[in-house]
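Given below as structure tokens:
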């Protein structure tokens with residue numbers, strides 16, 4: 003209970019307890035309204051790991067290396083009957099260029115926000131996590147594409163991005 007109490011206090015909340023003879027105890031966690039819990043998909047490109055809200059992830063697919071190179075050459079990826087802009091996630095984040103491609107299949111993630119879709123080439127899809135989204139504050143809230151920030155169970159800080167917004171603003175420079 004001490005761990006729960008310290009985590010709730012760190013979020014600005016409190017724990018209320020009530021006991022009744024012969025009926026047991028009840029605990030009520032009161033968290034601030036600015037605290038939201040959501041599911042994210044963790045993506046890795048190079049040394050950088052970011053989170054993307056799972057509601058934005060439409061498709062995760064392993065694609066053969068030759069199809070990846072063709073998508074880079076054309077700037078578009080075709081999934082089913084849809085063609086969408088194709089990017090290296092690291093380039094959208096201005097975190098450097100992609101490494102050399104290997105012949106095996108690589109992950110491509112299709113992100114959908116409203117009616118817009120983009121396909122992202124990443125090094126690895128690290129999986130789903132449920133996280134507490136922290137408010138960005140006035141200094142960071144103006145950064146395009148940055149949706150939130152969270153603290154992972156490992157203690158690492160993860161930024162939560164909307165890659166469609168990043169592609170809209172930085173897509174031409176990323177190519």
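Numbering (my numbering), first residue to last: 3 to 177. Each residue gets a CB set at the ideal place from its N, CA and C atoms; glycine is no exception.
Bridge partners for residue i per DSSP, in chain order?
{"i": "residue 38", "result": "135"}
{"i": "residue 124", "result": "According to DSSP, which records beta bridges pairwise, residue 124 is partnered with nothing at all."}
{"i": "residue 115", "result": "118"}
{"i": "residue 153", "result": "159"}
{"i": "residue 147", "result": "Bridge partners of residue 147: none, in fact."}
{"i": "residue 130", "result": "43"}
{"i": "residue 62", "result": "111"}
So is residue i buried or exposed if we call it buried at 16+ other beta carbons inside 10 Å?
{"i": "residue 152", "result": "buried"}
{"i": "residue 59", "result": "buried"}
{"i": "residue 155", "result": "exposed"}
{"i": "residue 140", "result": "exposed"}
{"i": "residue 146", "result": "exposed"}
{"i": "residue 174", "result": "exposed"}
Given a cut-off of 8 Å, decide if residue j and residue i are closer than it, judged by their beta-carbon atoms.
{"i": "residue 176", "j": "residue 93", "result": "yes"}
{"i": "residue 48", "j": "residue 98", "result": "yes"}
{"i": "residue 51", "j": "residue 160", "result": "yes"}
{"i": "residue 2", "j": "residue 62", "result": "For residue 2 there is no data in the structure shown, the boundaries of the chain being 3 and 177."}
{"i": "residue 5", "j": "residue 33", "result": "no"}
{"i": "residue 95", "j": "residue 45", "result": "no"}
{"i": "residue 79", "j": "residue 110", "result": "yes"}
{"i": "residue 70", "j": "residue 123", "result": "yes"}
{"i": "residue 15", "j": "residue 31", "result": "yes"}
With hydrogens ignored, establish whether the beta-carbon of residue i is closer than 7 Å to any heavy atom of the ligand ATP.
{"i": "residue 71", "result": "The model depicted lacks the ligand ATP and carries no ligand whatsoever."}
Does the region 105 to 114 come into contact with the region 14 to 22, if we say contact requires no fewer than three beta-carbon pairs (one atom in each stretch) closer than 8 Å? The region 105 to 114 vs the region 14 to 22: no contact.
Curious, which full-length alpha helix (DSSP H) runs of at least 4 residues does the region 65 to 108 contain? List check, alpha helix (DSSP H) in window: 67 to 76, 91 to 94.
Decide if the region 77 to 89 is in contact with the region 115 to 122; the criterion is three or more beta carbon pairs, one per stretch, under 8 Å apart. These segments touch.
Is the region 50 to 58 close to the region 147 to 164, with three or more CB pairs under 8 Å? The region 50 to 58, when compared against the region 147 to 164, does touch it at the 8 Å Cβ threshold.
Going along the chain, which unbroken runs of the beta strand (DSSP E) with 3 or more residues stay wholly within the region 14 to 59? Fully contained in the region 14 to 59 are the following beta strand (DSSP E) runs of length 3 or more, in chain order: 16 to 22, 26 to 32, 38 to 47, 50 to 55.
The region 127 to 134 touching the region 37 to 46, judged by at least three CB pairs closer than 8 Å: Result yes; three or more Cβ-Cβ pairs closer than 8 Å.
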